[in-house]
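Participant: Respectively, the protein sequence lines represent chains A and B. In our numbering, each residue's number is its place in the first sequence (first place is 1) plus 7. In our numbering, each residue's number is its place in the second sequence (first place is 1) plus 10.
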Amino acid sequence: GENVEQHPSTLSVQEGDSAVIKCTYSDSASNYFPWYKQELGKGPQLIIDIRSNVGEKKDQRIAVTLNKTAKHFSLHITETQPEDSAVYFCAAKTGTALIFGKGTTLSVSS
Amino acid sequence: GAVVSQHPSRVICKSGTSVKIECRSLDFQATTMFWYRQFPKKSLMLMATSNEGSKATYEQGVEKDKFLINHASLTLSTLTVTSAHPEDSSFYICSANLEAGTDTQYFGPGTRLTVL
Chain A
8 GENVEQHPST
18 LSVQEGDSAV
28 IKCTYSDSAS
38 NYFPWYKQEL
48 GKGPQLIIDI
58 RSNVGEKKDQ
68 RIAVTLNKTA
78 KHFSLHITET
88 QPEDSAVYFC
98 AAKTGTALIF
108 GKGTTLSVSS
Chain B
11 GAVVSQHPSR
21 VICKSGTSVK
31 IECRSLDFQA
41 TTMFWYRQFP
51 KKSLMLMATS
61 NEGSKATYEQ
71 GVEKDKFLIN
81 HASLTLSTLT
91 VTSAHPEDSS
101 FYICSANLEA
111 GTDTQYFGPG
121 TRLTVL
């Protein structure tokens, strides 16, 4: 089955810096890759997603890149702000199920 | 984005009792809903896929007789934890696809279950 690896597990940056989180997946049939942001005690919130026929997608300060050949995808957050602090999960969709990475705790200090 | 609600947000129960958690899609019809479990500082683990009008599909290792799922309408799925024990204490989260056959899943706010 699908396996999603996510790195790093924790990431600390200064306000205004960029943050990059990377994920790899194992199933070449996976075709949809969302990123979720989860704040403490809340459900995950979809922040951006990308499909396998696209290499890059951007939404304001957030961008995602996908390398199908290498089977990895990355989340890029520019000009980080303290409110970006949260746990971020990547996921890969195989069949109907989303398989999640283990999460990255992002801390943005002002 | 689409809104998915859950009720209750948190519940405390005694060991041996049953607890029902509701998941509702508020502004769309969801033919498929998903139930996840999340332990503290851990990732989301898919428990089952709930399809309106049919039996849920459970992931390997999830006891279907313990975690009863009902998806009686296009806007409501319920998860009942039967004969709850302290090890069932967890954060339970549901999600739904905005449209049938689409990829995007929207998550509810989660339900914190504590079994004493």
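Ideal Cβ placement from N, Cα and C applies to all residues, glycine included.
1. Is any beta-carbon of chain B found at less than 7 Å from that of Pro15/A?
2. Which residues mark the beginning and the end of the beta strand (DSSP E) in which Val20/A is found?
3. Where do the ends of the beta strand (DSSP E) carrying Asn107/B lie?
4. Per DSSP, Arg122/B is paired with what?
5. Would you call the region 24-36 of chain A in contact with the region 21-29 of chain B, where contact means no fewer than 3 C-beta pairs closer than 8 Å?
6. So, helix, strand or coil for Asp113/B, using DSSP?
7. Tell me whether Val61/A is buried or exposed, calling it buried when 16 or more other Cβ atoms sit within 10 Å of its Cβ.
8. Check whether the region 84-98 of chain B touches the region 39-54 of chain A, counting contact only when three or more Cβ pairs, one atom from each stretch, lie closer than 8 Å.
9. Which whole-angstrom value describes the C-beta separation of Gly108/A and Ala98/A, a residue pair presumed to lie in contact below a C-beta threshold of 8 Å?
10. Name the residues in the region 38-55 of chain A whose C-beta lies less than 9 Å from a C-beta of chain B; which are they?
11. Spell out whether any CB of chain B is found under 7 Å from the CB atom of Ala36/A.
12. The beta strand (DSSP E) with Phe38/B in it runs from where to where?
13. Do Ser59/A and Lys75/A have their C-beta atoms within less than 7 Å of each other?
14. Once you ignore the five residues that flank Asp75/B on each side, which residues in its own chain have a CB closer than 8 Å to its CB?
15. Does the beta carbon of Phe107/A sit closer than 7 Å to a beta carbon anywhere in chain B?
16. Listed in chain order, which residues of the region 102-121 of chain B have Cβ atoms closer than 7 Å to some Cβ of chain A?
17. If you run the structure through DSSP and keep just helix, strand and coil, what is Glu90/A?
18. Closest Cβ-Cβ distance between Ser53/B and chain A: below 7 Å?
19. Which of the residues in the region 76-108 of chain A, read from start to end, lie with their CB under 9 Å from any CB of chain B?
20. Do Thr90/B and Glu62/B have their C-beta atoms within less than 7 Å of each other?
21. Can you pull the chain A neighbours of Thr59/B, defined as C-beta to C-beta under 8 Å?
22. Looking at Leu82/A and Val71/A, is the spacing between their C-beta atoms short of 7 Å?
23. Note down, in chain order, every chain B residue with its Cβ under 9 Å from the Cβ of Gly62/A.
Facilitator: Taking the coordinates as given:
1. Nearest CB-CB separation between Pro15/A and chain B: not below the 7 Å threshold.
2. Its beta strand (DSSP E) spans residues 17-21.
3. Run containing Asn107/B: 100-107, per the beta strand (DSSP E) assignment.
4. Beta-bridge pairing by DSSP links Arg122/B to Arg20/B, Phe101/B.
5. No, they do not touch.
6. Asp113/B carries a coil assignment under DSSP once its states are collapsed to helix, strand and coil.
7. Val61/A comes out exposed.
8. No, they do not touch.
9. At roughly 7 Å, the Cβ-Cβ gap stays under 8 Å, so Gly108/A and Ala98/A are in contact.
10. Against chain B - using a Cβ distance shorter than 9 Å - the residues of the region 38-55 of chain A are Asn38, Tyr39, Pro41, Tyr43, Gln45, Gly48, Lys49, Gly50, Pro51, Gln52, Leu53.
11. Not an interface residue.
12. Per DSSP, Phe38/B belongs to no beta strand (DSSP E) and is neither H nor E.
13. With contacts defined by Cβ atoms closer than 7 Å, Ser59/A and Lys75/A form a contacting pair.
14. Cβ neighbours of Asp75/B beyond the five flanking positions: Thr92.
15. Output row for Phe107/A: interface = yes.
16. Result list: Ile103, Asp113, Thr114, Gln115, Tyr116, Phe117, Gly118, Pro119, Gly120.
17. Glu90/A sits in a helix when the DSSP states are folded into three classes.
18. It does; some Cβ of chain A falls within 7 Å.
19. So the list reads Val94, Phe96, Ala98, Lys100, Thr103, Ala104, Leu105, Ile106, Phe107, Gly108, given in the order they occur along the chain.
20. Annotated as distal: Thr90/B and Glu62/B, with beta-carbon spacing of 7 Å or more.
21. Residues of chain A passing the Cβ test: Thr103, Ala104.
22. Contact: yes.
23. Think of a sphere of 9 Å around the beta carbon of Gly62/A: no beta carbon from chain B falls inside it, the nearest being about 17 Å out.
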